[in-house]
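In what follows, a single structure is set out as structure tokens and then discussed.
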Amino acid sequence: MDENHKRALRSSLIVVEKLLHEICDNFLRNDGQSSSILYSRVEDVDHAIVERLLNSVMSMFDVIRQIKEKFELGSTQESVRTQVYARLSEVWTILEDLRPERLEGYGRMDDADKELLRQYVLRLLSMLDDIFRLLNSWETPKNKFHSQQFL
4 MDENHKRALR SSLIVVEKLL HEICDNFLRN DGQSSSILYS RVEDVDHAIV
54 ERLLNSVMSM FDVIRQIKEK FELGSTQESV RTQVYARLSE VWTILEDLRP
104 ERLEGYGRMD DADKELLRQY VLRLLSMLDD IFRLLNSWET PKNKFHSQQF
154 L
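Just so we're aligned, residue 4 is where the sequence shown starts under my numbering, counting upward by one.
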């Protein structure tokens with residue numbers, strides 16, 4: 004198999020593996036507690052079914068491992084920082100879409116509601132900006148080494 008095929012196969016299987024891990028996490032997280040504000044979690048899958056589903060997912064992981072070995076796909080490293088940036092960017096996009104000017108696409112809003120919502124959204128965006136700044140100030144050992152090279 005050539006490198007282009009390997010790259011496509013590896014990329015697709017990474018997505019599959021991540022989704023399967025998310026499924027497992029949903030079933031294994033049975034703390035009954037929820038720290039969510041706008042939604043709650045309902046355990047609506049029978050325990051016996053969960054066991055069978057988890058076994059099936061584990062079998063799928065085995066097949067993915069076999070494919071990796073058979074086609075010598077290797078492994079890639081993913082940066083936690085990059086994953087956090089991606090999630091923060093998603094949050095930023097959603098918050099921008101919550102600005103009253105954008106929400107008026109759903110119909111006219113009361114002026115008092117618009118102003119109150121604007122204040123909340125701007126506050127959230129400001130907090131998000133602080134998080135981005137904090138993340139940018141975080142020096143990884145690799146970044147620290149590179150920055151010290153030029154001192």
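Where a beta carbon is used, it is the ideal one built from N, C-alpha and C, also for glycine. As the structure is a prediction and not an experimental result, all values here were calculated from the model.
First and last residue of the uninterrupted alpha helix (DSSP H) at residue i
i, result
"isoleucine 97", "83-100"
"leucine 120", "114-140"
"valine 48", "First-last for valine 48: undefined, no H or E at that position."
"arginine 13", "6-31"
DSSP-derived helix/strand/coil call for residue i
i, result
"phenylalanine 153", "With a pLDDT of only 32 at phenylalanine 153, under the threshold of 50, the placement of this residue in the model should not be trusted; the figure read from the coordinates follows. Coil at phenylalanine 153, not helix or strand."
"glycine 108", "helix"
"serine 78", "coil"
"serine 39", "coil"
Contact check, residue i vs residue j, beta carbons under 7 Å
i, j, result
"glutamate 6", "isoleucine 67", "no"
"methionine 4", "phenylalanine 74", "yes"
"glutamate 76", "arginine 13", "Position check: residue 76 holds leucine in this sequence, whereas glutamate was assumed. Yes, these two residues count as a Cβ contact at 7 Å."
"leucine 131", "tryptophan 95", "yes"
Sequence-distant residues of its chain with Cβ nearer than 7 Å to residue i (five each side left out)
i, result
"valine 124", "Leu98, Leu101 and Arg102"
"lysine 117", "Pro103"
"lysine 147", "For lysine 147, the predicted model reports a pLDDT of 49, less than 50, meaning its position is unreliable; a value from the coordinates is still stated below. Result list for lysine 147: empty, nothing under 7 Å."
"isoleucine 26", "Val60"
"leucine 23", "Val60, Met63 and Phe64"
"leucine 128", "Leu98"
"leucine 57", "Cys27 and Phe30"
Cβ-based neighbour list, residue i, same chain, cut-off 6 Å, excluding 5 preceding and 5 following
i, result
"isoleucine 120", "The sequence shown places leucine at residue 120, not isoleucine. The answer, listed in chain order, is Pro103."
"leucine 16", "Ile67"
Neighbourhood of residue i by C-beta, 8 Å cutoff - its chain only, sequence neighbours within 5 removed
i, result
"isoleucine 112", "The question names isoleucine, but residue 112 in the sequence shown is methionine. Once the five neighbours on either side are set aside, the close Cβ partners of methionine 112 are Pro103, Leu106 and Leu120."
"valine 87", "Leu138"
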